[in-house]
Each structure stands twice: as structure tokens, then as C-alpha cells.
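Asks: Mapping of the sequence shown onto numbering that gives the first Met the number 0: position 114 corresponds to residue 113, and the numbering continues sequentially without gaps.
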Amino acid sequence: MRLLPIDRTLPTRSFTARIGRRLAPWLLSVTVSAFSAPASAQQFNETELKAAYLYNFAYFITWPEPASRDFLFCSYANSPVTGVLARLIDGEKVHDRPIRLLVDPVPEQLHECHIVFVPGQQERVLTTILEYIRAFPILTVSDIPDFEQRGGMVRLTTEDRRIQPVIHLQNVTRAKLAVSSKLLRSSRIAE
């Protein structure tokens, strides 16, 4: 477990300016509309788009808790999405709450997270992760095939060079989370 230190040798602000400031509003508008973003749109790669989706899920999901603490993303260092997400959220806030990123959380820390991204590289521990957070209002997101059928909530799938969220509403509502209608319209619903 560690909070991801932002590597100041990287062009963090210029990255945020290039990716975060352009991509986040663009993805927000894409999510609001009824179509998915092409993975190659505006020269953003799949990893950058997945990170932007994760960031924007924070605006389209409602948690049943008071908004008094930091908003915590949890992810794993062996995923390239984690590094992009770290740079994207650096210095940002969600609903006036500072955003933090917990990298490589141990199972006992997962209950602190608002959004947990489980990359394909962590598939071997997927069942353990989902078991630890079953009783908590935590949005689980992954790019693992059939993630939503295995107890996850949102799978980021790439089809025809487009990233589309696949949402398992029953799993989401079981965790006492609410998904905005705007996100639902731009997603595929799994049963």
C-alpha cells in the first residue's frame, strides 16, 4: 500500500494541461451524449481514455456518505492506467473534495476507496478484492472480460476502437450507489 507520489520530473502540469484540461471536459461531454468515445479521438490512446473515464465516473455516481472526506481512487501500479490517472487528478477536486490516489492497496484498505480500478493484470486477485469490498459503497471498475458477470460493477470495453462502459446495475444498486441517467444513456447495461 502506498499513496502514489507524483513524480515531479514528469511534466505534471503540462500533462494535466494537455490531457486533463482537454480530455476531461471532452470525455464529460461524450459521456453526457449517447455515444462512446473513439479510442483514437483527439490522438488520445486507450490508456488515457480509461483514466479519463475513471475520473469522470466520480461525477456521475452518487455515494450514500457525507461529502466531508477526500475522494479516494484506488488502483494498481502494474497498470499503465494508474500513472495516467495520477497525473490527471493531480491537484483536482471532485465536488469540492480533494482527490487522492491509493496505489496497490492491501485488502484491508479497500473499504476507504470510492472507486477501485482492477486492471487485467490483477485478475488473479479479483475475487479477493470483490469479497473485501462487497459490503461497502465502492464503485468497482475494470477492463477484465466478463468483470460485471463476476460481481464487478463497470467494465470498460473496447469495441471497434471505442471505449464503452458496461454497467451491471444490480451490482451497483446492491452497493447503494446511484448512476446518473446521463451515464446510463451512454453505457451498455448488463444483466
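Using N, Cα and C, we set each Cβ at its ideal position, and we do this for glycine too.
(1) Nearest-angstrom Cα distance between N170 and Y131?
(2) So the alpha helix (DSSP H) F146 belongs to, where does it begin and stop?
(3) Measure the Cβ-Cβ separation of A174 and I137 and say whether it is below 8 angstroms.
(4) Express the C-alpha separation of I98 and C112 in angstroms, rounding to a whole number.
(5) Is the region 116 to 129 close to the region 149 to 168, with three or more CB pairs under 8 angstroms?
(6) Would you kindly work out how many angstroms separate the C-alpha atoms of Q163 and H94, rounded to a whole number?
(7) Mind checking H167: buried by the 16 CB within 10 Å criterion, or exposed?
(8) For F59 versus V178, is the C-beta distance shorter than 8 angstroms?
(9) Going by beta carbon distance, what residues of the same chain come within less than 7 angstroms of A76, once the five residues before and after it are set aside?
(10) To the nearest angstrom, how far is the alpha carbon of V117 from that of Y54?
(11) Helix, strand or coil for E190? Go by DSSP, reduced to three states.
(12) With H, G and I counted as helix, E and B as strand and the rest as coil, what does DSSP make of F56?
Replies: Concretely, from the data shown:
(1) 15 angstroms
(2) Neither: F146 is in no alpha helix (DSSP H) and is coded neither H nor E.
(3) yes
(4) 11 angstroms
(5) When C-beta atoms of the region 116 to 129 are compared with those of the region 149 to 168, three or more pairs fall below 8 angstroms, so the two segments count as touching.
(6) 24 angstroms
(7) buried
(8) yes
(9) V102, D103
(10) 14 angstroms
(11) coil
(12) helix
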